[in-house]
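> One structure, pasted below without further comment.
2 protein chains.
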Amino acid sequence: MIAENINTHISAIDDKHKVAISVDSVIMGYDEESLKVLLIECNTPPYEGKYSLLGELVNPNETLDEAVQRVLQYWTGRESLYLEEVKTFSSVNRHPLGRVITVAYYSLVEIKKFTFDETHQKNLKWIDVNKVKDLAFDHDMIFQECLEKLRQSLREKPIGFNLLPKKFSLNQLQNLYEVVLGLELDKRNFRRKINSLNLLIDLNETQQDVAHRPAKLFSFDYEHYSKQRRQGFKFEI
Amino acid sequence: MIAENINTHISAIDDKHKVAISVDSVIMGYDEESLKVLLIECNTPPYEGKYSLLGELVNPNETLDEAVQRVLQYWTGRESLYLEEVKTFSSVNRHPLGRVITVAYYSLVEIKKFTFDETHQKNLKWIDVNKVKDLAFDHDMIFQECLEKLRQSLREKPIGFNLLPKKFSLNQLQNLYEVVLGLELDKRNFRRKINSLNLLIDLNETQQDVAHRPAKLFSFDYEHYSKQRRQGFKFEI
DNA sequence: ACAAAAGTGTTGATAATACACCCATGT
DNA sequence: ACATGGGTGTATTATCAACACTTTTGT
Numbered sequence: 001m002i003a004e005n006i007n008t009h010i011s012a013i014d015d016k017h018k019v020a021i022s023v024d025s026v027i028m029g030y031d032e033e034s035l036k037v038l039l040i041e042c043n044t045p046p047y048e049g050k051y052s053l054l055g056e057l058v059n060p061n062e063t064l065d066e067a068v069q070r071v072l073q074y075w076t077g078r079e080s081l082y083l084e085e086v087k088t089f090s091s092v093n094r095h096p097l098g099r100v101i102t103v104a105y106y107s108l109v110e111i112k113k114f115t116f117d118e119t120h121q122k123n124l125k126w127i128d129v130n131k132v133k134d135l136a137f138d139h140d141m142i143f144q145e146c147l148e149k150l151r152q153s154l155r156e157k158p159i160g161f162n163l164l165p166k167k168f169s170l171n172q173l174q175n176l177y178e179v180v181l182g183l184e185l186d187k188r189n190f191r192r193k194i195n196s197l198n199l200l201i202d203l204n205e206t207q208q209d210v211a212h213r214p215a216k217l218f219s220f221d222y223e224h225y226s227k228q229r230r231q232g233f234k235f236e237i
Numbered sequence: 001m002i003a004e005n006i007n008t009h010i011s012a013i014d015d016k017h018k019v020a021i022s023v024d025s026v027i028m029g030y031d032e033e034s035l036k037v038l039l040i041e042c043n044t045p046p047y048e049g050k051y052s053l054l055g056e057l058v059n060p061n062e063t064l065d066e067a068v069q070r071v072l073q074y075w076t077g078r079e080s081l082y083l084e085e086v087k088t089f090s091s092v093n094r095h096p097l098g099r100v101i102t103v104a105y106y107s108l109v110e111i112k113k114f115t116f117d118e119t120h121q122k123n124l125k126w127i128d129v130n131k132v133k134d135l136a137f138d139h140d141m142i143f144q145e146c147l148e149k150l151r152q153s154l155r156e157k158p159i160g161f162n163l164l165p166k167k168f169s170l171n172q173l174q175n176l177y178e179v180v181l182g183l184e185l186d187k188r189n190f191r192r193k194i195n196s197l198n199l200l201i202d203l204n205e206t207q208q209d210v211a212h213r214p215a216k217l218f219s220f221d222y223e224h225y226s227k228q229r230r231q232g233f234k235f236e237i
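First to last, the protein sequences are chains A and B. Note that our numbering has the first sequence beginning at 1, numbered continuously upward. Note that our numbering has the second sequence beginning at 1, numbered continuously upward.
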């Protein structure tokens, strides 16, 4: 049943044990109204016309993280600030070409910096995460798992900043949480909590050209956060 | 750079994209004194004499979870009650045989039921997780990530029961948390919290043959837990 | 002066923590 | 009767949740 244990009895690897491995990347961005995912239209049967996640076979000389960044770079000209591995999908018949095991990642990007060239990449589209359905392959399942994982991580780790511009207001931040998690937060309580975490740098700047009282702008204090994290940092929203 | 996108331009998969994929399983058990991991001694260079995790190449016709259960079944004659995928390790040169991408799992077992036959499996050993070091391959790293993930999950999900016998006392449960998480808990507060979760069934039984007041025995209420989980259940220790 | 979003404190309820003694059994 | 671990309640503190009005800017 176990012919040769890969870890203890090291011999050659039979070709029948070699399979294709891909990464599928749930690239998400936030545009003040909703959380969106970047999808691509398939153009070959059996999934012609359907949307799918951006995925790619892993090359022999790269790690999975590198493959994910390569896909992002290729399609959008930029890499992601934040990547998280979510889950491996390994059903035997999940891909029509034969066995392809895929590792799902989600990545967070600043959506405004990810404008793509409509002529070359006209089959790319940002779609509201609440309207995603009927994707190619098993991508509905992969997408839902990644979305769920993002929501989970957003509550436990200060990663929301990767979806916002470098300078943002407290109301923008609160809005992000409300939109992504689908809940309403009390403004005063939210500010008290954020404040107590000491993760923001007050830029002493305000919004420009808004038809109301301009908001103060902040940025995320990555340095202070990594210090705190080393000392065991707890976060919860 | 991206010759043919696996998801949109479906053609054949080139052999150069096929690699070996394995699972490595951090099998953990608890024996009232410490948390232990099941390791196996390697008998081939370059790792001869070192211990490694139990791992195995994934077969063409099975999922990763199935591969993990197959390994467990083979070495111990039983499957695991609880499995969790942790992380994929994909450094290009992590395995001397060539490229092997591995997916790490941890699994929880009732250690008393996993006694193995010392003649056939004499190179298997339970080792205290705090004494693990110098494993073969990149297994130190894999092990530490899995241990950390277990500790995390133990605080968030009621999975500790998988490490205990079906009938257990509240002190045993508390001890498990203390040993695995490395902290001290207040007995009265611990009991109040566990009680408020309504996850235990009072068996109206007591310990036998102990030289002190016998403890009441409980079992974990899987059914009630899965109901609660569907309604969004929060847990924290 | 008005519209529109920014900003700000207090109170009551709930949950977390700290702490010390009596109880049941076997020897 | 003694040794061993099992079992129980209360008071204090910290955290969370609910709630409404004033401020600043552009038009």
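For each residue, glycine too, the CB sits at the ideal point set by N, CA and C.
Quick check: what's the CA-CA separation for A/Ser22 versus B/Phe114?
For A/Ser22 and B/Phe114, the distance between alpha carbons rounds to 36 Å.
> Check for me: the beta strand (DSSP E) holding A/Ile13 runs from which residue to which?
Here A/Ile13 belongs to no beta strand (DSSP E), and DSSP marks it neither H nor E.
> Look up A/Leu199 in the DSSP assignment and say whether it is helix, strand or coil.
Here A/Leu199 sits in coil by DSSP.
> Would you please verify whether the beta carbon of B/Pro60 is less than 9 Å from any beta carbon of chain A?
With 9 Å as the cut-off, B/Pro60 counts as an interface residue toward chain A.
> Kindly list the residues whose CB is nearer than 7 Å to the CB of A/Asp128, restricted to its own chain and excluding five residues on each side of it in sequence; keep chain order.
Excluding sequence neighbours, A/Asp128 sits near Ser34, Lys36.
> Nearest to B/Tyr177 by alpha carbon, out of B/Asp31, B/Tyr222, B/Gly49?
Cα-wise, what sits closest to B/Tyr177 is B/Asp31.
> Quick one: what's got a C-beta closer than 7 Å to A/Tyr225's C-beta in the same chain, skipping five residues either side?
Correct list, in chain order: Pro158, Leu199.
> List the residues of chain A that B/Ala12 touches, going by C-beta distances under 9 Å, in chain order.
Simply Leu97, Gly98.
> Name, please, each residue of chain B whose Cβ falls closer than 8 Å to the Cβ of A/Phe116.
Those do not exist, as A/Phe116 stays about 14 Å from chain B at its closest Cβ, beyond 8 Å.
> Can you list, in chain order, the residues of its chain whose CB lies under 8 Å from that of B/Glu145, leaving out five sequence neighbours each side?
Closer than 8 Å at the Cβ level, and outside the excluded window around B/Glu145, lie Val86, Lys87, Ala104.
> Is there at least one Cβ from chain B nearer than 9 Å to A/His212's Cβ?
Closer than 9 Å: no.
> Let me check understanding here. Comparing Cα to Cα, which of A/Val180, A/Ser196, A/Asn175, A/Leu197 lies closest to A/Lys187?
Comparing Cα-Cα distances from A/Lys187 to each of A/Val180, A/Ser196, A/Asn175, A/Leu197, the minimum goes to A/Asn175.
> Counting only beta-carbon atoms, is A/Cys42 nearer than 9 Å to chain B?
Judged by the 9 Å Cβ criterion, A/Cys42 is in contact with chain B.
> Do B/Trp126 and B/Leu38 have their C-beta atoms within less than 9 Å of each other?
Yes, Cβ-Cβ distance for B/Trp126 and B/Leu38 is below 9 Å.
> On the CB-based measure, 16 or more other CB atoms within 10 Å of its CB, does B/Asp24 come out buried or exposed?
B/Asp24 is buried by the Cβ-count criterion.
> Could you tell me the alpha carbon to alpha carbon distance between B/Pro46 and B/Gly77, rounded to whole angstroms?
Cα-Cα distance, rounded: 29 Å.
> In its own chain, which residues sit with a C-beta less than 7 Å from the C-beta of B/Tyr222, not counting the 5 before and 5 after it?
Here the set comprises nothing.
> Can you give me the Cβ contacts of B/Phe161 inside the same chain, cut-off strictly under 7 Å, excluding the 5 residues immediately before and after it?
Around B/Phe161: Phe220.
> Please report the Cβ distance between A/Glu236 and A/Glu156, rounded to the nearest whole angstrom; I am assuming they are in contact, meaning their Cβ atoms lie under 8 Å.
Sure, about 7 Å apart at Cβ, within 8 Å.
> Leaving out five residues before and five after A/Ser90 in sequence, what residues of the same chain have Cβ atoms less than 7 Å from its Cβ?
If we look at A/Ser90 and ignore the five residues flanking it on each side, its Cβ neighbours are Ile101.
> Helix, strand or coil: how does DSSP classify B/Tyr125 here?
Here residue 125 of chain B turns out to be Lys, not Tyr, going by the sequence shown. It is a strand residue.
> Note down, in chain order, each residue of its chain lying with its Cβ closer than 8 Å to the Cβ of B/Gly55, except the 5 sequence neighbours on either side.
Around B/Gly55: Ser22, Val23, Asp24, Ser25, Val71, Thr102.
> Under a CB-based cut-off of 9 Å, is B/Phe137 close to chain A?
Yes, its Cβ sits closer than 9 Å to a Cβ of chain A.
> Suppose only complete runs of 3+ residues qualify. What are the beta strand (DSSP E) ranges in the stretch 10-60 of chain B, listed by chain order?
18-30, 35-41, 54-57, all fully within the stretch 10-60 of chain B.
> Using a Cβ-Cβ cutoff of 7 Å, what residues of the stretch 76-98 of chain B are near chain A? List them in chain order.
Those residues of the stretch 76-98 of chain B that come within reach of chain A (Cβ to Cβ, closer than 7 Å) are Glu85, Lys87, Thr88, Ser90, Ser91, Val92, Pro96, Leu97, Gly98.
> In the DSSP assignment, find the unbroken beta strand (DSSP E) run with A/Ala104 in it and report its ends.
Where A/Ala104 is concerned, the enclosing beta strand (DSSP E) stretches over 100-108.
> By DSSP, does A/Phe168 sit in helix, in strand, or in coil?
Of the three classes helix, strand and coil, the one that applies to A/Phe168 here is strand, per DSSP.
> Less than 6 Å between C-beta atoms, sequence neighbours within five positions excluded: which residues of the same chain meet that for B/Lys149?
For B/Lys149, where only same-chain residues beyond five positions count, the Cβ hits under 6 Å are Val86.
> Please classify B/Leu135: does DSSP put it in a helix, a strand, or coil?
Coil at B/Leu135, not helix or strand.
> From the DSSP output, which residues share a beta bridge with A/Thr115?
Paired residue(s): none; A/Thr115 is not in a bridge.
> Please work out which residues of its chain come closer than 7 Å, Cβ to Cβ, to A/Asp15, disregarding the five sequence neighbours upstream and downstream, and give them in chain order.
Correct list: empty, nothing qualifies.
> If the cut is a Cβ gap below 7 Å, which residues of chain B does A/Ala20 touch?
The answer, in chain order, is Ile13, His17, Lys18.
> On the DSSP bridge assignment, give the partners of B/Lys87 in chain order.
Per DSSP, B/Ala104.
> Got a sec: is the Cβ-Cβ distance from B/Gly55 to anything in chain A below 9 Å?
By this cut-off, B/Gly55 is an interface position.
> Answer yes or no: do B/Ala136 and B/Tyr51 have a C-beta to C-beta separation smaller than 9 Å?
Against a cut-off of 9 Å, the Cβ pair of B/Tyr51 and B/Ala136 comes out as a contact.
> Considering A/Ser226, what are the terminal residues of the alpha helix (DSSP H) in which it resides?
222-230 is the extent of the alpha helix (DSSP H) around A/Ser226.
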